[in-house]
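Novice:
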């Protein structure tokens, strides 16, 4: 972490209380002695360093004075011996801990137990914490300084000053909790205080299920952009996530047995699972695969055809915006409205919720229900049902 320079005489005087300068003491044993404040007890503690034996006494003194000078320079700049990352785990630096965390995450990505997106996300969270420290001129040297007051103030900065959403606030809180659990497991910290920090109530999902009119407009893509239409239908019928669509290969599709395999290496939940290809989607997908090779991406960068160059998730979203503008589709109908609509339509068709849950690869029915839209007026199915007392 960058050190914040102390400019005023008052600040220097306060900083000096954190240590007593090093000095050379010549007794039977040549020692360099200095005192530094323990960040936990706030008490000054003595540190001793032996001066190596050198045949020439004058050279030994000269060498010792150099050591004294260097130690005092470090102490004056804000360094304390507890920051040395050796010895007691509790005095590991924050930088040491977060770099270790990222190193271990990178290793998990390498052995396929975590996705590259996870590493990118974690790195982004740490970058934001570091930005907060710099912008607010905070001190975050030791991992123990990542305490509840620091985290609460950081989350307030995220929510009130940066005006991020409740969901973003909660995501940062969850991430910090996971990082602290990692630190606890390695003895760097003793307790996870994030459990006592309340999450923000999240706004209802703003995505809206596609109306009949929007569905008809989307069907026009069969003539204009067939391959993108097939991609959209993969989300509607199979609930496959945008990032997953960019990583699927043709070899993951089994038309004969009517399923698409989502390998754990690309799946959001890290599990190897199959999703069913409904009959209504089978013909669409078969036409999309006419000239495909097994090692092709299912949807490539070449206008969403099968191909060798991997597609970027942003291109899917950008193309959806083009569709919205061309066919005058409202902004409330987002790309993932396809997934919401598919889940809702499948539930309405009478398919048991537990089977819809499995197709959507949700771990809990509550997640499935969260994606379904609530009625804002009369529900015709309920109104016309044979429901009587």
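Residue numbers (the UniProt record's numbering): 1 to 389.
Ideal Cβ placement from N, Cα and C applies to all residues, glycine included.
Of the residues 41, 54, 153, which one's Cα is nearest the Cα of residue 138?
Specialist: Numbered from 1 along the chain shown, position 138 holds the residue referred to as residue 138. Per the Cα distances, 153.
Novice: For residue 300, which three-state DSSP category applies?
Specialist: One-based indexing of the chain shown puts residue 300 at position 300. Residue 300: strand per DSSP, three-state reduction.
Novice: With 8 Å as the threshold, decide whether the Cβ of residue 329 is near any Cβ in chain C.
Specialist: Here there is only one protein chain, and chain C is not present.
Novice: Give me the residue from 299, 20, 254 with the minimum Cα distance to residue 288.
Specialist: In the chain shown, the residue the question calls residue 288 occupies position 288. It is 299 whose Cα lies nearest to the Cα of residue 288.
Novice: I'd like to check one pair, residue 37 with residue 19: are the Cβ atoms closer than 8 Å?
Specialist: For the purposes of this step, residue 19 is taken as the residue at position 19 of the chain shown. For the purposes of this step, residue 37 is taken as the residue at position 37 of the chain shown. Their beta carbons are under 8 Å apart, which means residue 19 touches residue 37 by this criterion.
Novice: For the beta strand (DSSP E) containing residue 31, list its first residue and its last residue.
Specialist: Here residue 31 is taken as the residue at index 31 of the chain shown, counted from 1. First-last of the beta strand (DSSP E) with residue 31: 30-37.
Novice: In this structure, does DSSP put residue 85 in helix, strand or coil?
Specialist: Within the chain shown, residue 85 is the residue found at index 85, counting from 1. Unreliable positioning characterises residue 85 in this predicted model, as indicated by a pLDDT of 49, which lies under 50. A coordinate reading is not provided.
Novice: Which residue from 359, 214, 312 puts its Cα closest to that of residue 276?
Specialist: On the chain shown, position 276 is the one that residue 276 refers to. With distances taken between Cα atoms, residue 276 lies closest to 359.
Novice: Residues in the same chain with beta-carbon distance under 7 Å from residue 286, minus the five sequence neighbours each way, listed in chain order, please.
Specialist: Counted from its first residue, the chain shown places residue 286 at position 286. The residues are 255.
Novice: Please work out which residues of its chain come closer than 8 Å, Cβ to Cβ, to residue 290, disregarding the five sequence neighbours upstream and downstream, and give them in chain order.
Specialist: Translated into positions along the chain shown, residue 290 becomes position 290. For residue 290, where only same-chain residues beyond five positions count, there are no Cβ hits under 8 Å.
Novice: Is residue 329 near residue 323, with beta carbons less than 8 Å apart?
Specialist: Residue 329 sits at position 329 when you count from the first residue of the chain shown. Residue 323 sits at position 323 when you count from the first residue of the chain shown. For residue 329 and residue 323, yes; Cβs fall inside 8 Å.
Novice: Would you give the residue range spanned by the alpha helix (DSSP H) that residue 214 belongs to?
Specialist: Position 214 of the chain shown holds residue 214. Element bounds for residue 214: 212-219.
Novice: Quick one: Cα of residue 28 to Cα of residue 140, how far?
Specialist: Residue 28 sits at position 28 when you count from the first residue of the chain shown. Residue 140 sits at position 140 when you count from the first residue of the chain shown. For residue 28 and residue 140, the distance between alpha carbons rounds to 40 Å.
Novice: Going by beta-carbon coordinates alone, are residue 341 and residue 236 separated by less than 8 Å?
Specialist: In the chain shown, residue 341 corresponds to position 341, counting from 1. In the chain shown, residue 236 corresponds to position 236, counting from 1. Yes, these two residues count as a Cβ contact at 8 Å.
Novice: Going by DSSP in three states, residue 253 sits in which element: helix, strand or coil?
Specialist: Position 253 of the chain shown, counting from 1, holds the residue named residue 253. Strand.
Novice: Tell me whether residue 59 is buried or exposed, calling it buried when 16 or more other Cβ atoms sit within 10 Å of its Cβ.
Specialist: Mapped onto the chain shown, residue 59 falls at position 59. So residue 59 ends up on the exposed side.
Novice: If we count the other Cβ atoms within 10 Å of its Cβ and call it buried at 16 or more, is residue 160 buried or exposed?
Specialist: Locating residue 160 in the chain shown gives position 160, counting from the first residue. When all chains shown are included, residue 160 counts as exposed.
Novice: Measure the alpha-carbon distance for residue 266 versus residue 47 and round it to whole angstroms.
Specialist: Here residue 266 refers to the residue found at position 266 when the chain shown is read from its first residue. Here residue 47 refers to the residue found at position 47 when the chain shown is read from its first residue. Their backbone Cα atoms lie some 52 Å apart in a straight line.
Novice: Determine the burial state of residue 242: buried for a count of at least 16 other Cβ atoms within 10 Å of its Cβ, exposed for fewer.
Specialist: Numbered from 1 along the chain shown, position 242 holds the residue referred to as residue 242. Classification for residue 242: buried.
Novice: Determine the extent of the alpha helix (DSSP H) in which residue 149 is found, giving its start and end residues.
Specialist: Here the question's residue 149 lines up with position 149 in the chain shown. Residues 148-156.
Novice: If you draw a straight line from the C-alpha of residue 192 to the C-alpha of residue 133, how long is it?
Specialist: Taking the first residue of the chain shown as 1, we reach residue 192 at position 192. Taking the first residue of the chain shown as 1, we reach residue 133 at position 133. The alpha-carbon atoms of residue 192 and residue 133 are separated by roughly 21 Å.
Novice: Tell me the DSSP secondary structure of residue 307 in three-state form.
Specialist: Looking up residue 307 in the chain shown gives position 307. If DSSP states are grouped into helix, strand and coil, residue 307 belongs with the strands.
Novice: Locate the beta strand (DSSP E) running through residue 20, then write down its first and last residues.
Specialist: Within the chain shown, numbered from 1, the residue matching residue 20 stands at position 20. Looking at the DSSP string, the run of the beta strand (DSSP E) that includes residue 20 is 19-26.
Novice: So is residue 321 buried or exposed if we call it buried at 16+ other beta carbons inside 10 Å?
Specialist: For the purposes of this step, residue 321 is taken as the residue at position 321 of the chain shown. Per the 10 Å Cβ criterion, exposed.
Novice: At the level of alpha carbons, what is the spacing between residue 251 and residue 245?
Specialist: Mapped onto the chain shown, residue 251 falls at position 251. Mapped onto the chain shown, residue 245 falls at position 245. In a straight line, the C-alpha of residue 251 is about 13 Å away from that of residue 245.
Novice: Where DSSP assigns a beta bridge to residue 260, which residues make up the other side?
Specialist: Locating residue 260 in the chain shown gives position 260, counting from the first residue. Paired residue(s): 253, 275.
Novice: Can the beta-carbon of residue 39 be found less than 8 Å from the beta-carbon of residue 198?
Specialist: Here residue 39 refers to the residue found at position 39 of the chain shown. Here residue 198 refers to the residue found at position 198 of the chain shown. No. Outside cutoff.
Novice: So, does the stretch 106-114 touch the stretch 62-75, judging by three or more C-beta pairs under 8 Å?
Specialist: Verdict: no, contact absent.
Novice: Taking the alpha carbon of residue 213 as the point to measure from, which residue in 327, 105, 345, 51 has its own alpha carbon closest?
Specialist: Within the chain shown, numbered from 1, the residue matching residue 213 stands at position 213. Checked all of 327, 105, 345, 51; the closest Cα to residue 213 is 327.
Novice: So the beta strand (DSSP E) residue 50 belongs to, where does it begin and stop?
Specialist: In the chain shown, the residue the question calls residue 50 occupies position 50. Looking at the DSSP string, the run of the beta strand (DSSP E) that includes residue 50 is 44-50.
Novice: Using the Cβ count rule (16 or more neighbours within 10 Å means buried), how would you classify residue 228?
Specialist: Reading the chain shown from its first residue, position 228 is the one you call residue 228. When all chains shown are included, residue 228 counts as buried.
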